[in-house]
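Undergrad:
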Amino acid sequence: MTTEINLKPQERLDELHRNGYVIIQNPKKFCFGMDAVLLSGFAKVKEGERLLDLGTGTGILPILLEAKTEGAHFTGLEIQPESADMAQRSVKLNHLEEKIEIVTGDIKDASKLFGASSFDVITTNPPYMIGEHGLSSSNEAKAVARHEILCTLDDVLRESSRLLRPKGRFYMVHRPFRLAEIMNKMIRYGLEPKRMQLVYPFVDKEPNMALLEGLRGGNSRLQVEKPLIVYQKQGVYTDEIYDIYGY
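The sequence shown finishes on residue 415 if you use the working numbering, and the numbering steps up by one all the way, no holes.
This is how it looks when you write it as structure tokens:
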């Protein structure tokens, strides 16, 4: 049972196929993609744990993970006020105010906002592209989400290392072409890579996403999970993808 909330111009309600939850989005700005949904299936949140999602956008990860896990509390940090406002209204729409908090703020200041060692789990779907590389969008919201304009990979990893309690877990989705850099920097910031899963659009194509788990202060041992294939044929997801989406 949802509460009626008036949508702003160009906004829409999308179903999430979990607990009857919905999310407010503006397709003219930026909508969540498959990468966020796949990260929600890869991340593990245990009973009683507190989670922070860095760069939460419209709140997709906190909302999905509240539905999928037994975590105690979920916080989303978002620098763009318009996205944060949509996330806050989605939280209210789904009656999740006691479980999810949306904070408007800068990832670079996250450890000052929340304090050191204050979370058990961190998730993030950060901008993939470096600086101006491939930058063509005149839409500021999309550009900020896709390019390292307001925060870099170093900002995300540095703040995550500060925010996580010892042995806290870090989950990120990124692009395979940056894996060498990502692994190097995760180790440098004390987030030891523990699990990795590559995502392939089709079984005979190159991977286009990498799902990663790091452990703050963990020992060196990386588990590479079996590949995740998105489509069994054009327009038809594999069973694993349907399961992650909840269809």
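Just so you know, even glycine gets a beta-carbon here, dropped at the ideal spot from N, CA and C.
For clarity, every value in this text was computed on a predicted model and none was experimentally measured.
When you compare the CB positions of Phe-370 and Leu-331, do they come within less than 8 Å of one another, or not?
TA: Going by C-beta atoms, Phe-370 is not nearer than 8 Å to Leu-331.
Undergrad: Roughly how many whole angstroms lie between the Cα atoms of Tyr-357 and Pro-177?
TA: For Tyr-357 and Pro-177, the distance between alpha carbons rounds to 42 Å.
Undergrad: Just verifying my parser: in three-state terms, what is the DSSP assignment at Thr-170?
TA: Note that Thr-170 scores a pLDDT of 46, beneath 50, so its modelled location is shaky; the value from the coordinates is reported in the next line. Coil at Thr-170, not helix or strand.
Undergrad: Report the option in Arg-346, Val-398, Phe-338 whose CA atom is closest to the CA atom of Ala-211.
TA: Per the Cα distances, Phe-338.
Undergrad: Since Leu-347 is in the alpha helix (DSSP H), which residue starts that stretch and which ends it?
TA: Note, Leu-347: alpha helix (DSSP H), 347 to 356.
Undergrad: Closest by CA to Ala-255, which one among Thr-237, Leu-232, Asp-277, Gly-239?
TA: When only C-alpha atoms are compared, the closest one is Leu-232.
Undergrad: Do you know offhand how far Gly-188's Cα is from Leu-396's?
TA: So the alpha carbons of these two residues sit roughly 26 Å apart.
Undergrad: Using a Cβ-Cβ cut-off of 8 Å (strictly less than) and excluding sequence neighbours within five positions of Ala-348, which residues of its own chain qualify?
TA: Cβ neighbours of Ala-348 beyond the five flanking positions: none.
Undergrad: Evaluate the contact criterion for the region 215 to 226 versus the region 289 to 299: three or more CB pairs, one atom per stretch, below 8 Å.
TA: With a cut-off of 8 Å, the region 289 to 299 and the region 215 to 226 count as touching, because enough Cβ pairs lie within range.
Undergrad: Could you compute how far the alpha carbon of Val-213 sits from the alpha carbon of Ile-228?
TA: Roughly 15 Å between the two C-alpha positions.
Undergrad: Helix, strand or coil for Gly-382? Go by DSSP, reduced to three states.
TA: Strand.
Undergrad: How many Å lie between Gln-365 and Glu-246 at the Cα?
TA: So the alpha carbons of these two residues sit roughly 26 Å apart.
Undergrad: Suppose the cutoff is 8 Å on Cβ atoms and the five residues either side in sequence are ignored; what does the same chain contact list for Pro-344 look like?
TA: Here the set comprises Leu-366, Glu-374, Pro-375, Asn-376, Met-377, Ala-378.
Undergrad: Looking at the secondary structure, which residues open and close the alpha helix (DSSP H) in which Phe-210 lies?
TA: Looking at the DSSP string, the run of the alpha helix (DSSP H) that includes Phe-210 is 202 to 210.
Undergrad: What's the gap between the Cα of Gly-201 and the Cα of Lys-401?
TA: So the alpha carbons of these two residues sit roughly 19 Å apart.
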